[in-house]
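Number of protein chains: 2
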Amino acid sequence: MTGQVRTVDGRVAGRRGQATRQKLLDCLREMLDTSPYRDVKVIDVARMAGTSPATFYQYFQDVESAILEIANDMAKDGQRLKALTEDQGWTGKGGYAAAEALVDGFLEFWQEYEPILRVVDLASAEGDKRFYKVRQSILTAVTTGLTEAIEEVQAKGKTGEEVAANAMAGTLVAMLAAVSGHQKGFETWKIKMKDVRPALSTLVFMGITGKKPPR
Amino acid sequence: MTGQVRTVDGRVAGRRGQATRQKLLDCLREMLDTSPYRDVKVIDVARMAGTSPATFYQYFQDVESAILEIANDMAKDGQRLKALTEDQGWTGKGGYAAAEALVDGFLEFWQEYEPILRVVDLASAEGDKRFYKVRQSILTAVTTGLTEAIEEVQAKGKTGEEVAANAMAGTLVAMLAAVSGHQKGFETWKIKMKDVRPALSTLVFMGITGKKPPR
DNA sequence: ATCCGATCTGACTGATCGTCAGATTTCTGC
DNA sequence: GCAGAAATCTGACGATCAGTCAGATCGGAT
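First to last, the protein sequences are chains A and B.
Here this note's numbering is used: position 10 in the first sequence is 10, and no number is missing along the way.
If you want this note's numbering, it's the 1-based position in the second sequence plus 1000.
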């Protein structure tokens, strides 16, 4: 399904072509690490890769298509976050540990892919369906996992009327994504990430179980 | 202090100039409502305002400076969110009602200024200090208000070791901002905003008080 | 009606986008 | 190893937009 690498006009790329294409992707990624998204020019990426803009357009429709490619790889890697919601007890001390693991997973993942996620966030916020889909593929997995966890806890507790499980799960995931994406912002504030981690873990635990975490 | 409106080269703008300037700002804002930020061209804004690009540059350094102007107005309006954190009981039913009011305040504010906030988010995420400052001026007020509320609750409860108040407040504010900014995203999911509101309120309440909200 | 400062704009330079035809490199069969 | 074919690359081009500047136009004061 992933199939062959193709040029814009549909030809299957050979050995040399694939190498060039990959080099362009690498340079684009490096560029995104250092410059604001809107300042990334095809001409600069091409220059950095030691080739010409025309070559770039041979392999990518436009800059966004290229970023999308990088984002898709990221999304594939992101599926591991889903595992952090599954087969967990979610009650008692073990539950809190699971919450911490989920929080750490998010923080690390966002730190690793920060520049890409920034573009994905923006583009999907502005209505680009391709990027929206990437974002969803990462977050949906976690959200559904958490939804199931919450439903399970609610079924056992049967406290009567509860918050909708999927809304709570979606909210927690949005929170995790937001805080993870603003780690630098927190530090620029007088807030230490060392303190934010337990705050997040506590909220995740309370959101799922409705109880204060054990200490 | 707000002083007179000035042109880029320092002249004080007269009646006609101010009108033109305002028209440009209005058109820019309308443009941001409908097009992605990166697609907004000075030439289009000028055309929509029935003037020429050169005129635009008479009043604004660049597009971002103009957006910053709009963003500053928004930030001024945003100070009302701070009031929602002050002089609240934050315990019992009254506390939950206060949490609901805060949540609603955020949701409405973000809905009203969605396109501007989107740009502010992006620009500050990419390191533009001017926009970062605007973002902070809105969020800091709420965060400090919440921090005080949490410290107050913690002082009364004196349960020993607690989560750092400012970290918890910052996290809650980030959560509110994130969810408010993704209202459309939630709806595109199968999650109803009607369900998200209580989820948010519950998390805010629990984050502040450490207890499950009363029903 | 005339003048003067405030305001606007046509025209220009320079940068980038995105395309295409043709040059260059690599591969293939012999 | 070589001719021919296929793959790949690129110079050059037309189009668009940013940003600047000198000069045209406007509108109120006298």
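Don't be surprised by glycine CBs; every beta carbon is placed ideally from N, CA and C.
Review point. With burial defined as no fewer than 16 other Cβ atoms inside 10 Å of the residue's Cβ, what is the status of alanine 1019 of chain B: buried or exposed?
Key: Along the second sequence, read from residue 1 onward, the residue named residue 1019 of chain B stands at position 19. With fewer than 16 other Cβ atoms within 10 Å, it is exposed.
**Study point:** Cutoff 7 Å: alanine 19 of chain A Cβ touching any chain B Cβ
**Key:** To locate residue 19 of chain A, count along the first sequence from 1; it is residue 19. Output row for alanine 19 of chain A: interface = no.
Practice item. Could you name the residues of the segment 110-122 of chain A whose beta carbon sits closer than 7 Å to any beta carbon of chain B, in the order they occur along the chain? Key: The residues in question are Arg118 and Leu122.
Practice item. Please name the residue in B:Asp1195, B:Ala1149 and B:Gly1157 whose C-alpha comes closest to that of glutamine 1088 of chain B. Key: Taking the first residue of the second sequence as 1, we reach residue 1088 of chain B at position 88. Nearest Cα to glutamine 1088 of chain B within the set B:Asp1195, B:Ala1149 and B:Gly1157: B:Ala1149.
Practice item. Report the neighbours of tyrosine 37 of chain A on chain B: residues whose CB is nearer than 9 Å to its CB, in chain order. Key: As a first step, residue 37 of chain A must be located in the first sequence, where it is residue number 37. Annotation: Cβ neighbours of tyrosine 37 of chain A in chain B (cutoff 9 Å, chain order): Arg1038, Leu1122 and Glu1126.
Check your understanding: Do we get a CB-CB distance below 7 Å when we pair alanine 1178 of chain B with the residues of chain A?
Key -> Residue mapping note: residue 1178 of chain B aligns to position 178 of the second sequence, counting from 1. Contacts with chain A at 7 Å (Cβ-Cβ) include alanine 1178 of chain B.
Review point. Would you call the segment 1160-1180 of chain B and the segment 1103-1116 of chain B in contact, with 3 or more CB pairs under 8 Å?
Key: A contact exists between the segment 1160-1180 of chain B and the segment 1103-1116 of chain B.
Check your understanding: With distances taken between CB atoms, is the gap from valine 1173 of chain B to valine 1196 of chain B smaller than 7 Å?
Key -> What you label residue 1173 of chain B is simply residue 173 of the second sequence in a count that begins at 1. What you label residue 1196 of chain B is simply residue 196 of the second sequence in a count that begins at 1. Not a contact, by the Cβ cut-off of 7 Å.
Exercise for review: Any chance you could list the alpha helix (DSSP H) runs of at least 4 consecutive residues sitting entirely within the segment 119-197 of chain A, in chain order?
Suggested key: The segment 119-197 of chain A contains these whole alpha helix (DSSP H) runs: 129-157, 165-181 and 183-188.
**Study point:** Residue from B:Glu1187, B:Ser1052, B:Thr1091 and B:Ala1099 with nearest C-alpha to alanine 1083 of chain B
**Key:** Here the question's residue 1083 of chain B lines up with position 83 in the second sequence. Nearest C-alpha to alanine 1083 of chain B among B:Glu1187, B:Ser1052, B:Thr1091 and B:Ala1099: B:Ala1099.
Point to revise | Best match in A:Glu64, A:Leu139 and A:Pro198 for proximity to phenylalanine 1186 of chain B [C-alpha to C-alpha] | key: To locate residue 1186 of chain B, count along the second sequence from 1; it is residue 186. When C-alpha distances from phenylalanine 1186 of chain B are compared across A:Glu64, A:Leu139 and A:Pro198, the shortest belongs to A:Leu139.
Point to revise | Bridge partners - valine 12 of chain A, DSSP secondary structure assignment | key: Residue mapping note: residue 12 of chain A aligns to position 12 of the first sequence, counting from 1. Answer is A:Arg6.
Review point. Which residues in the same chain as valine 1134 of chain B place their Cβ atom closer than 6 Å to its Cβ, once the five residues preceding and following it in sequence are excluded?
Key: For the purposes of this step, residue 1134 of chain B is taken as the residue at position 134 of the second sequence. Excluding residues within five positions, the ones whose Cβ falls inside 6 Å are Ala1071, Ala1075 and Val1120.
Review point. Comparing the C-beta of aspartate 1062 of chain B with each C-beta of chain A, is any distance below 7 Å?
Key: The count along the second sequence starts at 1 and reaches residue 1062 of chain B at position 62. Aspartate 1062 of chain B does not count as touching chain A.
Check your understanding: Excluding sequence positions up to five away, which residues of its chain have a Cβ less than 6 Å from the Cβ of proline 1053 of chain B?
Key -> Position 53 of the second sequence, counting from 1, holds the residue named residue 1053 of chain B. Once the five neighbours on either side are set aside, the close Cβ partners of proline 1053 of chain B are Val1042, Ile1043 and Ala1046.
Review point. Rounded to the nearest angstrom, how far is the Cβ of alanine 199 of chain A from that of alanine 1167 of chain B, given a contact under 8 Å?
Key: Here residue 199 of chain A refers to the residue found at position 199 when the first sequence is read from its first residue. Here residue 1167 of chain B refers to the residue found at position 167 when the second sequence is read from its first residue. That pair is a contact at about 4 Å.
Point to revise | Best match in A:Leu25, A:Ser124, A:Val63 and A:Asp39 for proximity to aspartate 73 of chain A [C-alpha to C-alpha] | key: If you number the first sequence from 1, residue 73 of chain A lands on position 73. Proximity to aspartate 73 of chain A across A:Leu25, A:Ser124, A:Val63 and A:Asp39 peaks at A:Leu25, based on C-alpha coordinates.
Check your understanding: When you compare each of A:Gln183, A:Phe60, A:Gly157 and A:Thr55 to arginine 118 of chain A by their alpha carbons, which one comes out closest?
Key -> Indexing the first sequence from 1 puts residue 118 of chain A at position 118. For arginine 118 of chain A, the nearest C-alpha among the options comes from A:Gln183.
Review point. Quick one: does methionine 1074 of chain B have its CB under 7 Å from some CB of chain A?
Key: One-based indexing of the second sequence puts residue 1074 of chain B at position 74. Taking Cβ atoms only, chain A never reaches closer than 7 Å to methionine 1074 of chain B, which makes this a no.
Check your understanding: Taking the alpha helix (DSSP H) that glutamine 58 of chain A falls in, what are its first and last residues?
Key -> As a first step, residue 58 of chain A is located in the first sequence; it is residue number 58 there, counting from the start. Going by DSSP, glutamine 58 of chain A is part of the alpha helix (DSSP H) stretching over 53-59.
Check your understanding: In chain order, what residues of the same chain lie with their CB nearer than 6 Å to the CB of serine 1201 of chain B, ignoring the 5 residues before and after it?
Key -> As a working mapping, residue 1201 of chain B is identified with position 201 in the second sequence. Within the same chain, Cβ atoms closer than 6 Å to the Cβ of serine 1201 of chain B are found at Ala1099, Glu1100 and Val1103, the five residues on either side in sequence being excluded.
**Study point:** Backbone CA spacing between glycine 954 of chain B and glutamate 162 of chain A [nearest angstrom]
**Key:** For chain B, the structure presents residues 1001 to 1215; residue 954 of chain B sits outside this window and is missing.
Check your understanding: Would a check of beta-carbon distances place glutamate 67 of chain A closer than 7 Å to chain B?
Key -> Counting from one through the first sequence, the residue named residue 67 of chain A turns up at place 67. The question names glutamate, but residue 67 of chain A is isoleucine in the sequence shown. No, isoleucine 67 of chain A lies away from the interface with chain B (no Cβ there is under 7 Å from its Cβ).
Review point. If we ignore side chains and look at the alpha-carbon of each, how far apart do arginine 1029 of chain B and glutamate 151 of chain A end up?
Key: Translated into positions along the second sequence, residue 1029 of chain B becomes position 29. Translated into positions along the first sequence, residue 151 of chain A becomes position 151. Near 43 Å, if we compare the C-alpha coordinates of glutamate 151 of chain A and arginine 1029 of chain B.
Check your understanding: Who are the neighbours of alanine 71 of chain A on chain B, taking C-beta pairs under 8 Å?
Key -> Counting from 1 along the first sequence, the entry for residue 71 of chain A is found at position 71. Those within 8 Å of alanine 71 of chain A in chain B number zero; the least Cβ separation is about 16 Å.
Review point. Any Cβ of chain A within less than 7 Å of the Cβ of valine 1163 of chain B?
Key: Reading the second sequence from its first residue, position 163 is the one you call residue 1163 of chain B. Interface residue, yes.
**Study point:** Contact belief for tyrosine 1059 of chain B with arginine 1021 of chain B at Cβ below 8 Å, rounded distance in angstroms
**Key:** Locating residue 1059 of chain B in the second sequence gives position 59, counting from the first residue. Locating residue 1021 of chain B in the second sequence gives position 21, counting from the first residue. Tyrosine 1059 of chain B to arginine 1021 of chain B, Cβ: 5 Å. Contact.
**Study point:** Within the segment 22-95 of chain A, ranges of the beta strand (DSSP E) (whole runs, at least 3 residues)
**Key:** Taken in chain order, the segment 22-95 of chain A contains no complete beta strand (DSSP E) segment of 3 residues or longer.
Review point. Within 10 angstroms of its Cβ, does alanine 1155 of chain B collect 16 or more other Cβ (buried), or is it exposed?
Key: Locating residue 1155 of chain B in the second sequence gives position 155, where the first residue counts as 1. By the neighbour-count criterion, in which a residue is buried when 16 or more other Cβ atoms sit within 10 angstroms of its Cβ, alanine 1155 of chain B is exposed.
Check your understanding: Could you give the distance in angstroms between the alpha-carbon of valine 40 of chain A and the alpha-carbon of alanine 13 of chain A?
Key -> Position 40 of the first sequence, counting from 1, holds the residue named residue 40 of chain A. Position 13 of the first sequence, counting from 1, holds the residue named residue 13 of chain A. The C-alpha of valine 40 of chain A lies about 25 Å from the C-alpha of alanine 13 of chain A.
Practice item. Since I believe glutamate 1064 of chain B is in contact with alanine 1125 of chain B (beta carbons under 8 Å), could you give me their beta-carbon distance rounded to a whole number of angstroms? Key: Along the second sequence, one-based indexing puts residue 1125 of chain B at 125. Along the second sequence, one-based indexing puts residue 1064 of chain B at 64. So it is not a contact: roughly 14 Å between Cβ atoms.
Exercise for review: Please report how far the alpha carbon of methionine 1 of chain A lies from the alpha carbon of arginine 130 of chain A, in whole angstroms.
Suggested key: What you label residue 1 of chain A is simply residue 1 of the first sequence in a count that begins at 1. What you label residue 130 of chain A is simply residue 130 of the first sequence in a count that begins at 1. Note that methionine 1 of chain A scores 46 on pLDDT, short of 50, meaning its location in the model is unreliable; the coordinates nonetheless yield the value given after this. A direct Cα-Cα distance of roughly 18 Å separates methionine 1 of chain A from arginine 130 of chain A.
Review point. Relative to the C-alpha of glycine 170 of chain A, which residue among B:Val1153, B:Cys1027, B:Lys1194 and B:Pro1213 is closest?
Key: Here residue 170 of chain A refers to the residue found at position 170 of the first sequence. Each of B:Val1153, B:Cys1027, B:Lys1194 and B:Pro1213 was checked against the Cα of glycine 170 of chain A, and the nearest Cα belongs to B:Lys1194.
Check your understanding: Between A:Val204, A:Met31, A:Phe106 and A:Gly127, which lies nearest to proline 1036 of chain B when the distance is taken from Cα to Cα?
Key -> In the second sequence, the residue the question calls residue 1036 of chain B occupies position 36. In terms of Cα proximity to proline 1036 of chain B, the closest of A:Val204, A:Met31, A:Phe106 and A:Gly127 is A:Gly127.
Review point. Using 7 Å as the limit for Cβ to Cβ distance, is glycine 1199 of chain B near chain A?
Key: Sequence index remark: in the second sequence, residue 1199 of chain B carries index 199 (1-based). Position check: residue 1199 of chain B holds alanine in this sequence, whereas glycine was assumed. It does; some Cβ of chain A falls within 7 Å.
Check your understanding: Hey, methionine 1206 of chain B and methionine 48 of chain A: beta-carbon distance below 7 Å or not?
Key -> For the purposes of this step, residue 1206 of chain B is identified with residue 206 of the second sequence, where counting begins at 1. For the purposes of this step, residue 48 of chain A is identified with residue 48 of the first sequence, where counting begins at 1. No. Outside cutoff.
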